[in-house]
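Note sheet for the following structure.
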Amino acid sequence: MYNVFNGNSLNTQTLPYKSNLINYSAFNELLSPIHFRSFSIKYVIEGCEKYTVNGNPYFVNQGEYLLANHFSEGFVEIDSHHLVKGICIDVSPRLISEVISSYISPEIPAEDIPEDDFFNSPHFLENQYSSTFTKTGKLLRSLDQVLSKNPYGQHEFSSEFYLKLAENIVQDHIPIYKQLQQIPAIKSETKKVLFRKLNQALDYINQHFTHPLVISTVASECCLSEFHFYRMFRLVFDMSPQQYIISKKLNYALELIKQQGADISEAALLSGFSDISAFSKTFKKHFGCSPSKFQK
5 MYNVFNGNSL
15 NTQTLPYKSN
25 LINYSAFNEL
35 LSPIHFRSFS
45 IKYVIEGCEK
55 YTVNGNPYFV
65 NQGEYLLANH
75 FSEGFVEIDS
85 HHLVKGICID
95 VSPRLISEVI
105 SSYISPEIPA
115 EDIPEDDFFN
125 SPHFLENQYS
135 STFTKTGKLL
145 RSLDQVLSKN
155 PYGQHEFSSE
165 FYLKLAENIV
175 QDHIPIYKQL
185 QQIPAIKSET
195 KKVLFRKLNQ
205 ALDYINQHFT
215 HPLVISTVAS
225 ECCLSEFHFY
235 RMFRLVFDMS
245 PQQYIISKKL
255 NYALELIKQQ
265 GADISEAALL
275 SGFSDISAFS
285 KTFKKHFGCS
295 PSKFQK
């Protein structure tokens, strides 16, 4: 099922619960309760949509999406001089369950697979993501290109499309599920709050890793003490914040050398290293060879 909603059509159609469907929307102004009918994705094509879900605020900007299940509730607010365009996708909880069951095999440890109760219960982590870094996001960007060309067309989506989307959602959440289990909190909501704070820190690092970063500053960005932040980061991501920052710098430098043809000194400086010798030594230790090996 495919629908288009704007200011004239918001309340003209009743949509089914726990089914597969896609809605395209275009609004300047909107203040409305959200009915999470199924496993729901709220993806923003242009502008910003403000959501409040289960009491948590989310400012979802262009190229980002919010993911929540049918145990969530809240409202959405749009107030813009320009049209804010988005895509809402509902995925049947039954389809998610089928994908999870297909992952169960002797080759994969059971503790590595998110349980069906995680996805289809209040324990699920509703959260905001960049479409750049997830399998789900990659599929959303492809869908964006199709719908943006002709949003009012007669689009049809096969069962294979929804199956692929469900598979991507589950695959994206295998590491998230494992990371949540590392947080030593009894209450599910406490785990989710701490996980979101750590992801705020990751977002901050990802945006600023080419500049000098102080761990206490990163910790303050996610409203945690430096000690608590450092401890939780190591538990959840199995590395220290400093190790993560160095890894980001080195992978960016590798990309500059391999894909953009940057020389070693240029790659070092652009990725945030002030000393070329230290960069080369750290690079070799991380990748097992010198940066010159990757030069064309």
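Add 4 to the 1-based position in the sequence shown for the working numbering, that's all there is to it. From the three backbone atoms N, C-alpha and C, an ideal C-beta is built for every residue, glycine too. The structure displayed is predicted, hence computed values, not measured ones.
Continuous alpha helix (DSSP H) stretch holding residue i: start and end
| i | result |
| --- | --- |
| V240 | 230-241 |
| S146 | 139-153 |
| T286 | 280-291 |
| Q268 | In the sequence as displayed, the identity of residue 268 is Ile instead of Gln. Residues 268-274. |
| D189 | According to the sequence displayed, residue 189 carries Ala and not Asp. Taken as a continuous stretch (DSSP letters only), A189 belongs to no alpha helix (DSSP H), as it is neither H nor E. |
| S220 | 219-225 |
Exposed unless 16 or more other CB atoms sit within 10 angstroms - verdict on residue i
| i | result |
| --- | --- |
| A282 | exposed |
| G78 | buried |
| Q183 | buried |
| F128 | buried |
| S163 | exposed |
| Y21 | exposed |
| S105 | exposed |
| E193 | exposed |
| T140 | buried |
| I93 | buried |
| Q185 | exposed |
| V150 | exposed |
| F233 | buried |
Residue i (DSSP reduced to helix, strand or coil)
| i | result |
| --- | --- |
| D176 | helix |
| T214 | coil |
| L206 | helix |
| I104 | helix |
| S169 | Position check: residue 169 holds Leu in this sequence, whereas Ser was assumed. L169: helix per DSSP, three-state reduction. |
| Q299 | coil |
| Y181 | helix |
| E164 | helix |
| F122 | helix |
| F199 | helix |
For residue j and residue i, believed in contact at Cβ under 8 Å, the rounded distance
| i | j | result |
| --- | --- | --- |
| I91 | I26 | 7 Å |
| V88 | C52 | 7 Å |
| V48 | N32 | Rounded, the Cβ-Cβ distance is 14 Å, inconsistent with contact. |
| Y69 | I100 | The pair is not a contact, with the Cβ atoms about 16 Å apart (cut-off 8 Å). |
| G67 | S134 | 7 Å |
| S284 | I268 | 7 Å |
| I249 | T286 | Not really, about 12 Å apart at Cβ, beyond 8 Å. |
Spatial distance of residue i from residue j (CA atoms)
| i | j | result |
| --- | --- | --- |
| E36 | N10 | It should be noted that the sequence gives Ser, not Glu, for residue 36. Going by the C-alpha atoms only, they are around 13 Å apart. |
| P126 | D120 | 12 Å |
| L273 | L34 | 45 Å |
| K297 | G276 | 20 Å |
| F161 | P155 | 14 Å |
| E171 | D279 | 44 Å |
| K54 | Q264 | 37 Å |
| T221 | G59 | 26 Å |
| Y208 | V57 | 22 Å |
| K252 | L19 | 43 Å |
| L143 | S229 | 37 Å |
| Q312 | K195 | Lying before the first or after the last residue shown, residue 312 is absent from the chain, which here runs from 5 to 300. |
| S42 | V103 | 15 Å |
| F241 | P295 | 26 Å |
| T214 | Q299 | 21 Å |
Residue span of the beta strand (DSSP E) that contains residue i, given as start and end
| i | result |
| --- | --- |
| N65 | 60-65 |
| T56 | 52-57 |
| Q264 | That residue, Q264, is in no beta strand (DSSP E); its alpha helix (DSSP H) goes 245-264. |
| F9 | 6-9 |
| S84 | 77-95 |
| S23 | Segment: none, S23 is in no beta strand (DSSP E) and carries neither H nor E. |
| S294 | That residue, S294, is in no beta strand (DSSP E); it is neither H nor E in DSSP. |
| S134 | 131-134 |
| Y69 | 68-72 |
Neighbour flag for residue i against chain C, beta carbons, 9 Å
| i | result |
| --- | --- |
| I187 | The displayed structure is made up of one protein chain only, and chain C is not part of it. |
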